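**Q** Take a look at this one; I'll ask things after.
Numbering (the working numbering), first residue to last: 26 to 339.
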């Protein structure tokens, strides 16, 4: 039996078989330091569209596909993958996040072997104009948020590595987070509160290949403002406040209910006007970024007032 430490990559997948296969192929093209072995676990979250078969048909070695009977959400899917992984290292990647550098795996492992307990990777846009700049600006904000709290919780479970024993011992992802948002920060805070070190791995970058649209981003932010925000605030009230979410939450500031209907209507009108035009809008990039951030904030506020719902006519 091999005694090489195993790096198990857990990828939750929902109706994204072709892109997931691309991620797996990119992982196998990465340099693995001597003495380590790679294993990939794709968790098909009851896609029902043949995604699992597409990954299996790619014929890539060292890949296990675990298919769930019912859709369980990202937190549960990741936990199922971690549960069947062997002891060693766990890397969580999303199915639309492609490693951008052959040193991707080595960069994560260097942080863990250098004293970190969690290696936080970066998420870049696909160099597609406005949304690439938007994601880069968001990454900078997450780093600043980490600095303000004194712990690197501003990263994402789209790209993070840790030892499996730490993940299991911390309780894994909280499966009460069924909607979009906060499940990763919840995990990172629990890890940090138990005295473990979280560091950024700046060479461990992935390219986020999802096609972003303003209405899609706004819908996700409204969803995050519903039940996920309630759960996170209950468990980490100080972090919720310090990260700034409380400033946009009607449950924290009841007077916001007065302005929410107006801000929501303005957000809807702006989305209709700007969606798919952000690359050609004759405004400086900085102004466009601020405008979109304001719209996204209004949608989060809407979600806190309407149980995560944000209605937009197509």
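We put the beta carbon where it would ideally sit given N, CA and C, even for glycine. Because the structure is a prediction, the values reported are computed rather than measured.
Determine, using beta-carbon pairs with one atom in the region 237-246 and one in the region 312-330, whether at least three such pairs fall under 8 Å.
**A** yes
**Q** Kindly indicate the opening and closing residues of the beta strand (DSSP E) around residue 34.
**A** Counted from its first residue, the chain shown places residue 34 at position 9. Residues 31-38.
**Q** Does DSSP put residue 275 in a helix, in a strand, or in coil?
**A** Within the chain shown, residue 275 is the residue found at index 250, counting from 1. In the three-state scheme derived from DSSP, where H, G and I count as helix and E and B as strand, residue 275 is classed as coil.
**Q** Is the distance from the Cβ of residue 128 to the Cβ of residue 186 below 9 Å?
**A** As a position in the chain shown, residue 128 is number 103, starting the count at 1. As a position in the chain shown, residue 186 is number 161, starting the count at 1. Cβ atoms of residue 128 and residue 186: not closer than 9 Å.
**Q** Please list the terminal residues of the continuous beta strand (DSSP E) segment that includes residue 92.
**A** Along the chain shown, read from residue 1 onward, the residue named residue 92 stands at position 67. Segment 88-92, the beta strand (DSSP E) holding residue 92.
**Q** Using only the alpha-carbon positions, how far apart do residue 341 and residue 62 sit?
**A** Residue 341 falls outside the range modelled here, since the chain spans only 26 to 339, and no answer is possible.
**Q** Starting from residue 144, follow the beta strand (DSSP E) in both directions and report where the run begins and ends.
**A** In the chain shown, the residue the question calls residue 144 occupies position 119. Its beta strand (DSSP E) spans residues 143-149.
**Q** Compare the C-alpha of residue 43 against each of 32, 72 and 116 and name the closest.
**A** On the chain shown, position 18 is the one that residue 43 refers to. Looking at the Cα atoms, 72 is the closest of the given residues.
**Q** Is there contact between the region 135-147 and the region 215-226, where contact requires at least three CB pairs shorter than 8 Å?
**A** yes
**Q** At the level of alpha carbons, what is the spacing between residue 138 and residue 58?
**A** Against the chain shown, residue 138 aligns to sequence position 113. Against the chain shown, residue 58 aligns to sequence position 33. Cα to Cα, the separation comes out at about 12 Å.
**Q** State the Cα-Cα distance for the pair residue 189 and residue 285, rounded to the nearest angstrom.
**A** Numbered from 1 along the chain shown, position 164 holds the residue referred to as residue 189. Numbered from 1 along the chain shown, position 260 holds the residue referred to as residue 285. Roughly 43 Å separates the two Cα atoms.
**Q** Alpha carbon to alpha carbon, what distance is there between residue 34 and residue 26?
**A** On the chain shown, residue 26 is found 1 positions in, with the first residue counted as 1. On the chain shown, residue 34 is found 9 positions in, with the first residue counted as 1. Note on residue 26: pLDDT 48, under 50, position unreliable in the model; the coordinate value appears next. Approximately 21 Å, taken between the alpha carbons.
**Q** Whose CA, out of 197, 60 and 47, lies closest to the CA of residue 30?
**A** By 1-based counting over the chain shown, the position of residue 30 is 5. Checking every option, the nearest Cα to that of residue 30 belongs to 60.
**Q** Have a look at 109, 52, 110 and 100 and flag the residue whose alpha-carbon is nearest the alpha-carbon of residue 85.
**A** One-based indexing of the chain shown puts residue 85 at position 60. Residue 85 has its Cα closest to that of 52, out of 109, 52, 110 and 100.
**Q** Based on the DSSP secondary-structure assignment, which residues constitute the bridge partners of residue 64?
**A** For this step, residue 64 is matched to residue 39 along the chain shown. Residue 64 pairs with 33.
**Q** May I ask which residues mark the beginning and end of the beta strand (DSSP E) holding residue 117?
**A** The count along the chain shown starts at 1 and reaches residue 117 at position 92. Element bounds for residue 117: 113-118.
**Q** Rounded to whole angstroms, what's the CA-CA distance from residue 324 to residue 291? Just pull it up for me.
**A** Indexing the chain shown from 1 puts residue 324 at position 299. Indexing the chain shown from 1 puts residue 291 at position 266. Across the structure, residue 324 and residue 291 are spaced so that their CA atoms are roughly 10 Å apart.
**Q** Could you work out which residue in 211, 107 and 69 is closest to residue 180 when comparing CA atoms only?
**A** The residue you call residue 180 lines up with position 155 of the chain shown. Checking every option, the nearest Cα to that of residue 180 belongs to 211.
**Q** Could you give the DSSP three-state label for residue 409: helix, strand or coil?
**A** Coverage of the chain is limited to positions 26 through 339, which leaves residue 409 absent and any answer about it impossible.
**Q** Secondary structure at residue 300, three-state DSSP: helix, strand or coil?
**A** Position 275 of the chain shown, counted from the start, is the residue given in the question as residue 300. If DSSP states are grouped into helix, strand and coil, residue 300 belongs with coil.
**Q** Among residues of its own chain, excluding the 5 on either side of residue 209, which ones have a beta-carbon nearer than 6 Å to its beta-carbon?
**A** For this step, residue 209 is matched to residue 184 along the chain shown. Excluding sequence neighbours, residue 209 sits near 181 and 182.
**Q** Suppose you measure from the CA of residue 234 to the CA of residue 123; what does that come to, to the nearest Å?
**A** Taking the first residue of the chain shown as position 1, residue 234 is located at position 209. Taking the first residue of the chain shown as position 1, residue 123 is located at position 98. Their Cα atoms are separated by approximately 7 Å.
**Q** Would you mind reading off the limits of the beta strand (DSSP E) that contains residue 71?
**A** Locating residue 71 in the chain shown gives position 46, counting from the first residue. No beta strand (DSSP E) contains residue 71, which DSSP labels as neither H nor E.
**Q** Mind checking residue 339: buried by the 16 CB within 10 Å criterion, or exposed?
**A** Residue numbering aside, residue 339 sits at position 314 when the chain shown is read from its first letter. In this predicted model, residue 339 has a pLDDT of only 49, less than 50, meaning its place in the structure is not dependable enough to derive any value.
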